[in-house]
Amino acid sequence: MKFVSLATFLSGALAVAVLALAGTVRGGPAFVEELTASAEKARDELGGKGIDISFVLPGGSLTRHATLSGGDSLPSGVRARVAAAIAAAPGVGGVAWRSGRAGSGVQGGEGPPPNASLHCQDDVEAILRVRTIRFAEGSAYIDAASEEVLDEVASALRPCLGGIIAVNGHTDSNGDETANIALSRARADAVRWALIGRGIPADGLRAAGQGSKVPLEGLATEDPANRRIEFSVIEKAPLAPTPIDTPGPG
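So the sequence shown is numbered by this note's numbering: it starts at 4 and just counts up by one.
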């Protein structure tokens with residue numbers, strides 16, 4: 004009987020992982036297109052036309068870290084303001100100048116920007132303030148409409164890879180609390196598997212179910228708005244240069 008239960012559990016986990024992998028092909032390019040449009044708007048508003056912005060790694064992979072180049076005729080102050088504005092844009096993981104020009108603002112030739120992997124939790128919270136990871140009623144099955152949200156969450160978490168990220172499930176207080184804790188944990192597990200399918204390492208994700216014991220501030224415990232998934236970075240990895248953070252020869 005124990006063998007059957009284990010087999011059933013593993014088959015269910017595999018099914019969730021397969022569904023998650025099926026969703027990875029959507030959302031990434033569109034998300035980077037949005038980042039590029041936002042960065043270009045910030046650049047143009049600050050008089051930085053002539054500065055090229057790329058969210059593509061040398062090998063062709065997409066990234067949330069912007070590489071800036073060009074605009075050498077612009078004043079250093081303009082270049083610095085453009086770089087800072089792009090670094091502060093929601094969803095951007097960091098900024099580097101390809102040339103490493105002195106006085107260019109964010110990121111010279113001394114390693115990654117100090118905020119490169121520090122605001123990913125804020126980015127995820129910003130995504131989830133306007134969009135929700137939805138589940139089928141009373142179950143841990145992730146609604147297909149939430150696949151794009153999970154793509155964005157995975158992209159937002161990548162600057163924190165190497166750290167420990169907690170995935171916490173919450174419910175309202177309606178119903179039996181033991182069942183609420185079990186459901187919130189199952190939903191957190193489902194999200195964890197979905198993120199693993201999107202390339203977030205399994206050993207950096209911790210799933211937990213809180214039931215109804217941590218309601219949103221200002222809400223009664225029975226309010227349905229308390230049903231949610233939250234993320235928190237509970238251990239940061241030391242920052243280290245990546246191909247996108249290290250300027251090329253100038």
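Glycine included, each C-beta is placed from N, C-alpha and C at the ideal position.
Excluding the five sequence neighbours on either side, which residues of its own chain have a C-beta within less than 7 Å of the C-beta of residue i, listed in chain order?
i	result
L219	A228, N229
R29	Annotation note: pLDDT 36 at R29 (below 50); position unreliable, no value reported.
A147	none
L222	A228, N229
A205	I199
A139	D146
A129	P93
V217	H173
G74	G51, G53, I54, R82
R195	V170, L208, A210
By Cβ distance below 8 Å, which residues in the same chain neighbour residue i in space, the five residues on each side in sequence not counted?
i	result
S72	I54, D55, S57, W100, R101, S102
I need the DSSP call for residue i, collapsed to helix, strand or coil.
i	result
S72	strand
V127	helix
D192	helix
L153	helix
N177	coil
R217	This sequence places Val at residue 217; Arg is not what is there. The answer is coil: DSSP assigns V217 none of H, G, I, E or B.
S142	coil
G96	coil
G165	coil
S235	strand
G200	helix
L160	helix
L65	strand
N229	helix
For the alpha helix (DSSP H) containing residue i, list its first residue and its last residue.
i	result
A42	31-48
I89	79-91
Could you tell me if residue i is buried or exposed, where buried requires 16 or more neighbouring beta carbons within 10 angstroms of its beta carbon?
i	result
T2	No statement about residue 2 is possible, as the shown extent of the chain runs from 4 to 253 and does not include it.
R132	exposed
A143	buried
G62	exposed
D175	buried
G141	exposed
D125	exposed
S187	buried
P162	buried
A91	exposed
A1	No statement about residue 1 is possible, as the shown extent of the chain runs from 4 to 253 and does not include it.
Would you kindly check if the distance between the Cβ of residue j and the Cβ of residue i is under 9 Å?
i	j	result
L208	I145	no
A45	I89	yes
A1	C123	With the chain covering only 4 through 253, there is no way to say anything about residue 1.
T70	V98	yes
G214	A189	no
Under 6 Å Cβ to Cβ from residue i, same chain only, skipping five residues before and after it: list those, please.
i	result
I237	I167, A169
D192	A210
N118	Below a pLDDT of 50, predicted positions are generally treated as unreliable, and N118, at 41, falls in that range; the measurement from the model is reported next regardless. Once the five neighbours on either side are set aside, N118 has no close Cβ partner at all.
R231	H173
G50	V81
R137	D146, S149
Please list the terminal residues of the continuous beta strand (DSSP E) segment that includes residue i.
i	result
D206	Taken as a continuous stretch (DSSP letters only), D206 belongs to no beta strand (DSSP E), as it is neither H nor E.
I54	54-59
At a threshold of 8 Å, does residue i count as lining the ligand ATP (C-beta to nearest heavy atom)?
i	result
G74	As for the ligand ATP, it is missing from this structure, which has no ligand bound.
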